Each structure stands twice: as structure tokens, then as C-alpha cells.
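According to this note's numbering, the sequence shown holds residues 1 to 476 in order. Glycine included, each C-beta is placed from N, C-alpha and C at the ideal position. If you're wondering where the values come from, they're calculated on a predicted model, not measured in any experiment. Here's the structure we're looking at; comments come further down.
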Amino acid sequence: MITITRKLAHTVRAVFRRALGVTTSARGPHVYFDATRDGILIRARHNDFAVERFVAGDFCQDSLAIPFQALADCEGRRDEPVTFERRDDNILVNWTDGHVPQLVTYDEPDREALANFPQVPAQLTENSPELLQALHNASETADDQSVRFALGSVQLQAEGAINATDSRHMLAQYGFQFGWESDALVPRTAVFSSTELAGQTPVAIGRNDDWVTLRVGSWTFHLAIVKEVRFPDVADYIRSQGAAVASVKLSDNDAVFLAEALKRLPGIAEFNQPVTVDVNGQVAIRAKSDKQPQMTELVLTNSQATGEALRFNTNRRFLARAMKLGFREVWLYGTEQPAICRDATRVFVWALLGNEGALKPHRNAIRIESPADAGADNSNSTPLTRKSTNMRKNKTAENGAAPAATATTEINNGQPQPSETVTRSPIEQAIALRNSLREAANQTNELVRLLKRQQKKSQLVQSTLASLKQLQTIDA
1 MITITRKLAH TVRAVFRRAL GVTTSARGPH VYFDATRDGI LIRARHNDFA VERFVAGDFC
61 QDSLAIPFQA LADCEGRRDE PVTFERRDDN ILVNWTDGHV PQLVTYDEPD REALANFPQV
121 PAQLTENSPE LLQALHNASE TADDQSVRFA LGSVQLQAEG AINATDSRHM LAQYGFQFGW
181 ESDALVPRTA VFSSTELAGQ TPVAIGRNDD WVTLRVGSWT FHLAIVKEVR FPDVADYIRS
241 QGAAVASVKL SDNDAVFLAE ALKRLPGIAE FNQPVTVDVN GQVAIRAKSD KQPQMTELVL
301 TNSQATGEAL RFNTNRRFLA RAMKLGFREV WLYGTEQPAI CRDATRVFVW ALLGNEGALK
361 PHRNAIRIES PADAGADNSN STPLTRKSTN MRKNKTAENG AAPAATATTE INNGQPQPSE
421 TVTRSPIEQA IALRNSLREA ANQTNELVRL LKRQQKKSQL VQSTLASLKQ LQTIDA
């Protein structure tokens with residue numbers, strides 16, 4: 001007989017489900033318990049993933065297996081006991097739910113699967129807890145639905161880099177220690193963002209011929225190495241800063257404002273979720289949908305652009321992701337070349353959608369300005385010159401020189417430049433934003449009212465014409 005708590009059953013099931021990619025408890029793998037006087041080891045394996053949890057303590061020595069569904073049935077939020085007991089070929093699970101005793105019988109699974117359970121490598125290399133976040137970010141970048149290359153996998157390079165791409169955007173992260181001599185591809189997984197892993201240390205990683213193993217405190221995760229597939233060379237998509245023709249620097253407040261606003265701009269249901277980015281001293285984001293007659297324009301009042309003026313379309317999801325990852329500067333290489341964000345240990349690249357159909361400034365646009373940063377001076381924006389999709393590989397010359405510029409014309413995006421710095425409190429900024437949104441809503445309601453009136457007039461004219469035709473028929 002083995003006794004654990006309902007809270008432990010809940011924690012184990014939650015992490016096992018994410019680690020093993022289990023969508024329903026009924027389809028989950030068998031869970032194996034091995035208890036000794038030193039502690040209990042709980043293990044499960046499903047497809048290309050295996051996970052185990054060790055809990056120290058004095059347990060009655062025993063070993064048994066249960067269906068994954070049993071954990072879902074008996075889990076709870078409190079440290080109430082739940083017992084697993086073998087009776088012939090069955091497992092009896094006993095617990096109390098709200099003072100009501102529960103006793104459920106399950107068929108005991110066989111233990112043959114444990115023969116193929118991965119072994120922990122002899123050597124594990126310790127890393128900082130940032131490794132978990134890096135693996136999570138890489139998994140969010142990969143695409144497990146893709147049939148090209150190994151785009152559903154995460155690349156762990158021997159020199160300590162973690163790379164992932166879905167061919168439309170790519171994330172490279174550096175500065176880790178793996179302790180092996182050749183690159184490894186592993187499947188993407190959602191487990192490393194689990195709150196149950198927060199604060200668990202140490203974090204260590206290792207590999208053998210078939211598995212990469214990651215130990216996080218009392219948890220151990222095994223990811224099968226993906227073999228006989230190709231992974232793109234991410235260096236082909238990373239260009240130097242010197243080759244950029246323009247760059248955009250966003251303030252922290254503007255980045256937060258933009259990330260929230262992008263989810264609410266019109267056109268989010270359209271293919272590629274396009275928005276137009278206009279950089280010309282100031283930075284403006286425009287969006288429009290067929291259902292909305294007016295264009296919506298966001299003006300990032302605390303952000304600046306340098307270099308050539310550019311107007312292009314991009315998938316808003318990748319722009320928002322760059323903000324979520326904490327990047328604040330974007331380097332641009334034209335309207336057809338991928339944009340790049342970078343910091344000391346990461347590079348984020350995404351493909352733009354070009355400038356065809358890019359939204360131009362319009363005086364009737366619903367214009368919303370980001371709240372001004374306290375103490376910010378936005379009066380020094382410099383006018384720029386405007387230069388007249390999967391990610392493409394870097395075809396820049398080895399010396400990093402940018403392509404020769406074509407003829408340019410001086411264009412002003414029509415946005416007023418502030419003449420003096422105004423310091424406003426956060427409350428004043430919030431009120432200003434609320435008033436702007438309220439004004440935009442009033443304008444939209446007024447336009448809808450006018451359109452309805454126009455429609456009624458049109459229907460009245462059509463009705464009158466129909467009556468006149470009937471009268472002409474009678475007179476004839």
C-alpha cells in the first residue's frame with residue numbers, strides 16, 4: 001500500500017499532463033509508483049517524453065501502477081491522504097472528498113513500459129533557472145504542425161545556444177552550458193512554464209544517445225532526441241546592425257501600450273493579422289477592417305525612429321511577441337526583409353509582409369496616442385526620408401554593407417510634433433487615454449448613426465420610385 005496526499009496527486013497530474021502532452025486523462029499513460037524508506041519515485045512516459053518526480057520521506061516499501069485517470073479522480077487542493085492498494089489484479093484507490101469516503105477500483109496496468117524508461121545521464125551540467133524560460137520561449141516559437149525541416153523541434157547547440165523557428169519567425173538564445181559536443185533536436189513542450197517548477201533548483205541538463213534529460217529540483221524530464229531531420233541554419237537570417245536602413249526604439253510604456261492595443265485593433269481576424277507600421281521620426285501603427293469604415297491609428301508618442309522612413313505591413317502577432325519578450329529596439333532592413341530585435345543574449349527575427357497595401361495617414365482616422373512618459377522630451381524627432389513572405393536568407397555582402405539605396409523623396413507622415421515637454425502623472429495619463437478612447441467611440445457611434453440615416457433615405461427613395469412606376473402603369 002502506498003499513501004500520498006491529494007495535493008501531491010494534483011501537482012503530479014498537472015505537470016505530467018503538460019510534460020507528456022496529454023489532452024484528456026482517459027488517454028494518459030500509466031503512472032508508476034516505487035516507494036522506499038527514503039522516498040517515493042513517481043514516473044510516466046508517453047511518446048517522446050518521460051517525466052519523474054521524487055518525493056523524499058519514509059514510505060512503506062511497495063511498487064504499483066495506476067491508470068492516469070486515477071490521478072484525475074483523486075486529486076485535490078489539500079494535504080488529505082489518498083491510498084493506493086493492490087488487491088489481486090486490481091488497484092483500490094481510497095480517499096475522502098468533503099467528508100464523504102471514496103473508494104474506486106481500477107485494473108492494474110502491467111509494468112513492462114518501465115523497461116524502456118530513459119536513464120538519467122551520468123553527467124549533468126548545472127545552469128541558471130533562466131534555462132527553463134529559454135526553453136519555454138523556444139517552444140512557443142516552434143511549430144509542431146509544420147512538415148518542413150524539423151520546425152516542431154527546438155535546437156540545442158553544443159556551444160550553448162537554443163534555437164527555434166517556424167519559418168516566419170525565429171528566436172536564438174545564447175549563454176547556456178550543455179556539456180556535450182554535438183547539436184541535439186528535441187520536441188517542443190509546454191511544461192517549462194509550469195508554476196509548479198517555479199523556485200525549483202538546481203537546474204541541470206545532460207544527454208545520451210537517445211534522450212536529453214533536464215533535472216529541475218525534484219523533477220526530471222526526458223525529451224527524445226529527434227533524428228534524421230534537418231534544422232535551418234539560423235545564422236542565415238541574422239544580419240548585422242550596421243546593415244540596417246532604419247531602427248525603432250520604443251519606451252517601456254509604449255511597448256506595454258502597444259502590446260495591449262494590438263489585440264484590440266481591427267482586422268485581427270484577417271489572414272496574417274496585418275497592421276501597417278509607419279516610421280518617420282515618430283512611430284505609427286495603423287489597422288483597418290472591412291467592417292470598420294474608419295482606419296484606427298496608434299501613435300507611440302514616446303518612441304523614436306532613425307534612418308530611412310519606411311512604411312510596411314507586418315503580422316501583429318510577431319510584433320506583440322517582440323514586446324512580450326522584452327525587446328525595445330527593432331532594426332529594419334527594408335519593407336521586404338525580416339526585422340530583427342536583439343539584446344546581449346537573444347536575437348528575434350520575423351518576416352515582414354511588404355509595403356503593398358500599406359495604410360497611409362488619413363485625416364479621418366481614429367487616432368489614439370500613447371500616454372506621454374513622465375519627464376519625456378519628444379520634441380527632437382527627426383524627419384526621415386522614405387525609400388521607394390517567409391524569412392529570406394541574409395544576402396548582404398560579407399562587409400555588412402546595406403544594399404544600394406534607390407531614389408528617395410521627403411515625406412512627412414502628418415503627425416504634429418510636440419513643442420514642449422508635458423509631465424503628467426500616471427492618473428492624468430490614464431484619464432487622457434480614456435478620453436481619447438471615449439472620443440473615438442463617440443465618433444464611431446455618430447458615423448454609424450449617419451450611415452443608418454443614409455440607408456433609410458435610400459430605402460425611402462427606392463420606395464417612392466416604385467410607387468411612381470405603379471402610378472404610370474395605372475394611367476396607361
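By alpha-carbon positions, which one of 145, 84, 164 and 159 ends up nearest to residue 136?
164
What does a CB cutoff of less than 7 Å around residue 25 pick up in its chain, not counting 5 residues either side in sequence?
68, 69 and 72
Looking only at its chain, what residues have a beta carbon closer than 8 Å to the beta carbon of residue 108, apart from the 5 residues adjacent to it on each side?
64, 65, 66, 86, 89, 90 and 91
If you drop the 5 nearest sequence neighbours on each side, which residues of the same chain put their C-beta closer than 6 Å to that of residue 105?
90 and 92
If we count Cβ pairs, one from each stretch, closer than 8 Å, do we get three or more for the region 220–230 versus the region 331–347?
no
Tell me whether residue 366 counts as near the ligand SAM, meaning its Cβ is closer than 8 Å to at least one heavy atom of that ligand.
The ligand SAM is not among the ligands present in this structure, which contains no ligands whatsoever.
Using the Cβ count rule (16 or more neighbours within 10 Å means buried), how would you classify residue 235?
exposed
Whole-angstrom distance between residue 370 and residue 270, CA atom to CA atom:
25 Å
Minimum C-alpha distance to residue 174 - residue among 288, 358 and 342
342
With a Cβ-Cβ cutoff of 9 Å, do residue 5 and residue 52 count as a contact?
no
Spatial neighbours of residue 253 within its chain, please: CB distance less than 8 Å, with the 5 preceding and 5 following residues excluded, ordered by chain position.
302, 370, 371 and 373
Residue from 40, 196 and 168 with nearest C-alpha to residue 19
196
Per DSSP, which one or two residues make a beta bridge with residue 225?
Its beta-bridge partners do not exist; DSSP assigns none.
Give the C-beta separation of residue 142 and residue 153 to the nearest angstrom, bearing in mind that I take them to be a contact with Cβ-Cβ under 8 Å.
6 Å
Between 201, 208, 27 and 258, which lies nearest to residue 184 when the distance is taken from Cα to Cα?
208
Opening and closing residue of the alpha helix (DSSP H) in which residue 9 lies
6–20
Residue 283 - partner residues in DSSP beta bridges:
279 and 300
Might you give, ordered along the chain, the residues of its own chain that have their beta carbon closer than 6 Å to the beta carbon of residue 132, omitting 5 neighbours on each side?
192
Cβ neighbours of residue 250 in the same chain (closer than 6 Å, five flanking residues each side left out)
303 and 328
For chain C, check one thing: does any of its Cβ atoms lie closer than 9 Å to the Cβ of residue 33?
Absence of chain C from the displayed structure is noted, only one protein chain being present.
Compute the Euclidean distance between the alpha carbons of residue 228 and residue 258, then round it to the nearest angstrom.
41 Å
Is residue 231 near residue 155, with beta carbons less than 9 Å apart?
yes
Please report the distance separating the alpha-carbon of residue 17 from that of residue 49.
11 Å
Reference residue 292, options 353, 243, 365 and 237, closest by Cα:
365
Which word fits residue 308, buried or exposed, when buried means at least 16 other C-beta atoms lie within 10 angstroms of its C-beta?
buried
Using 10 angstroms around the beta-carbon of residue 278, count the other beta-carbons present and answer buried if the total reaches 16, otherwise exposed.
buried
Residue 367, buried or exposed, once every other Cβ within 10 Å from all chains shown has been counted against 16
buried
Report the residue ranges of all alpha helix (DSSP H) runs contained in full by the region 109–167; include only those spanning at least 4 residues, in chain order.
130–141
Alpha-carbon spacing of residue 31 relative to residue 200, whole angstroms
22 Å
As an exercise, report each continuous beta strand (DSSP E) stretch of at least 3 residues that is fully enclosed by the region 238–279, in chain order.
246–249
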